[in-house]
Amino acid sequence: MDSFIIKGGTPLRGDVTISGSKNAVLPIMAATLLTGETCTLRRVPNLSDVAFMVRILESLGAEVAWSGDVVTVRAARIKGFGDYDLIRKMRGSICILGPLLGRRRAASVSLPGGCVIGTRPIDLHLKGLTALGTRIQIEGGYIHARARKLTGNTIFLGGRAGPTVLGTANILMAAVLADGVTIIESAACEPEVVDLCQFLVAMGAKISGIGSPTLTVTGVPELHGADHEVIPDRIEACTFLCAAAATKGDVTLHGTRPEHFAAVLDKLREAGVRIERKGTTLRVTRPGRLKPADVTTQPYAGFPTDVQAQFMALMALAPGISVITERIFESRFMHVAELMRLGADIAIEGPNAIVKGGRPMSGAPVMASDLRASAALVIAGLAARGTTQVHRIYHLDRGYERMEDKLRQLGARIERAAGE
Ligand code: EPU
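My numbering numbers the first residue of the sequence shown as 85 and each following residue consecutively.
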């Protein structure tokens, strides 16, 4: 397994272009299954999760071509079940359930297990699909879903931790080809859901209330091909902002949609980071010392859980106490122990991490446990004195396009070491 070797202490300087969004492109790729016509997706990031989704679509019978950042899919004839092993490996693949039901009225996918950030239930996905007329059977670790016909209904999709992003995507993708009107209450409002809605509308779907917690879908008999450019990855942008601030650098991000991460910009400013916006370009600098800031993760438009770990790495450098509260995933603090190996002083009390920032950080071998935890360790390693080795960076390859190249372009001393 590959690792990163980072020699810390160099301020990041220069320009970086943000790639297309991982969490937008995965459900959009699944949505291409809703038509037999060709769909063209642009600004597709080169990630291992995208490569997985390509293989899943192919295993369902779709023809997929991927060249540079453009993916074309033609799902002329598809099956209701794909390669179980592939599907099992990527949690995001649960979002093929909605489109397969929409198009074929039948789907079998493996039940996604828990993961290090929490139990990750799918009860809301199943509740929504059942309300549309699907019969669900869980057997041997698989979800078998069948519907004679899908009929519109009113579905409340709010859960214990708020709305569900992929749950909303799944219900939307089943509802666009259902008979009648579906109203999704407490729908997720994340920009990735909006991007999916826009792709579906480009395919001929009828959806109103896009971006709001109430989505109204009027089913149509069929959809057609579409050409779509994926939104920029707001989590990648926020990761680079935190890295630039942590190293007291001067970095300009290109191709961003800052309105998608206003909550993070607000907290960075509170922490003493200067951010200047010109259209889709953001320049980040840090004129003085970092200040502590408290953060609570929330559904959109609140502070995203996917930036919690990276922001915690930054707050470990800010003299004073910051309280970071995780409200979306119950065990998303796996990075804490590893940040402590670098010298951070952090105590966990229930959903709160109490960060006593400003302790000197020095390099150490650390272990990445999930995608965003890995990003936090890279940020900490870039700011720490000495050498940090981040093991198991296959997690990073799932969600960050060419991360080490982009960081090296900004002057970071980072190398990939091939592992056994
Ligand atoms: N939940 C339920 N029941 C369900 C579904 C979700 O209780 O049926 C709960 C979850 O346990 C969690 C909360 O609802 O407490 C929100 O989970 P959500 O369903 O929104 O998460 P997701 O759709 O599975 C996506 C992203 C995650 C991101 C979350 C929250 C993709 C592929 N994944 O997951 O991204 O953290 O939304 O914004 O889009 C990442 O990129 O690192 C990542 C984990």
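Yeah, the Cβ is synthetic: ideal placement off N, Cα and C, and Gly gets one too.
Considering Cα atoms alone, identify which of the options is closest to residue i.
i: alanine 502; options: His479, His475, Gly495 and Arg482; result: His475
i: alanine 377; options: Asn254, Ala271, Lys440 and His228; result: Lys440
i: valine 155; options: Asp99, Leu110, Gly92 and Arg482; result: Leu110
i: glycine 242; options: Ile255, Glu269 and Ala262; result: Glu269
i: glycine 303; options: Leu256, Thr331, Val348 and Ser296; result: Leu256
i: isoleucine 171; options: Asp489, Glu422, Glu410 and Leu144; result: Leu144
i: lysine 332; options: His312, Ile359, Gly309 and His308; result: Ile359
i: alanine 421; options: Phe413, Ile412 and Ala431; result: Ala431
i: methionine 287; options: Arg469, Thr122 and Glu488; result: Thr122
i: threonine 471; options: Leu213, Lys490, Asp334 and Met445; result: Met445
i: arginine 50; options: Ile239, Ala330, Val157 and Pro247; result: The structure shown has nothing for residue 50, since the chain only spans 85 to 504.
i: isoleucine 178; options: Val249, Ser132, Ser415 and Pro435; result: Val249
Rounded to the nearest angstrom, how far is the Cβ of residue i from that of residue j, given a contact under 8 Å?
i: lysine 351; j: phenylalanine 387; result: 6 Å
i: alanine 108; j: leucine 374; result: Incorrect: roughly 31 Å between the Cβ atoms, too far for contact.
i: aspartate 317; j: isoleucine 140; result: Aspartate 317 to isoleucine 140, Cβ: 21 Å. No contact.
i: serine 453; j: valine 200; result: 5 Å
i: alanine 159; j: threonine 214; result: Not really, about 25 Å apart at Cβ, beyond 8 Å.
i: glycine 295; j: cysteine 326; result: No, glycine 295 and cysteine 326 are not in contact; Cβ-Cβ is about 26 Å, not under 8 Å.
Strictly by DSSP, which residues pair up with residue i?
i: alanine 271; result: For alanine 271, which the question treats as bridged, DSSP gives no partner whatsoever.
i: serine 87; result: Ala501
i: phenylalanine 387; result: Thr381
i: serine 151; result: Val154
i: methionine 451; result: His475
i: proline 376; result: According to DSSP, which records beta bridges pairwise, proline 376 is partnered with nothing at all.
i: phenylalanine 417; result: Partner(s): none; phenylalanine 417 has no beta bridge.
i: histidine 228; result: Ser192 and Gln221
i: leucine 366; result: Leu337 and Arg361
i: isoleucine 432; result: Ala437
Look at the alpha carbon of residue i and the alpha carbon of residue j, and state the distance between them as a whole number of angstroms.
i: alanine 259; j: isoleucine 438; result: 43 Å
i: glycine 251; j: methionine 174; result: 15 Å
i: glycine 236; j: arginine 161; result: 25 Å
i: isoleucine 206; j: leucine 480; result: 24 Å
i: glycine 186; j: arginine 127; result: 26 Å
i: alanine 229; j: leucine 210; result: 9 Å
i: histidine 419; j: alanine 460; result: 7 Å
i: alanine 191; j: glycine 164; result: 5 Å
i: isoleucine 180; j: threonine 298; result: 22 Å
i: methionine 399; j: serine 406; result: 7 Å
i: alanine 114; j: valine 265; result: 22 Å
i: isoleucine 510; j: isoleucine 90; result: In the structure displayed, the chain extends from 85 to 504; residue 510 sits before or after that span and is not available.
i: glycine 202; j: arginine 416; result: 7 Å
i: alanine 467; j: threonine 94; result: 7 Å
What would DSSP say about residue i, mapped onto helix, strand or coil?
i: valine 200; result: coil
i: glycine 404; result: strand
i: serine 105; result: coil
i: serine 296; result: coil
i: glycine 98; result: strand
i: leucine 491; result: helix
i: alanine 437; result: strand
i: aspartate 334; result: strand
i: serine 132; result: helix
i: threonine 218; result: coil
i: leucine 241; result: coil
i: proline 316; result: strand
i: valine 249; result: helix
i: glutamate 360; result: strand
i: alanine 496; result: coil
i: isoleucine 162; result: coil
i: isoleucine 291; result: strand
i: valine 462; result: helix
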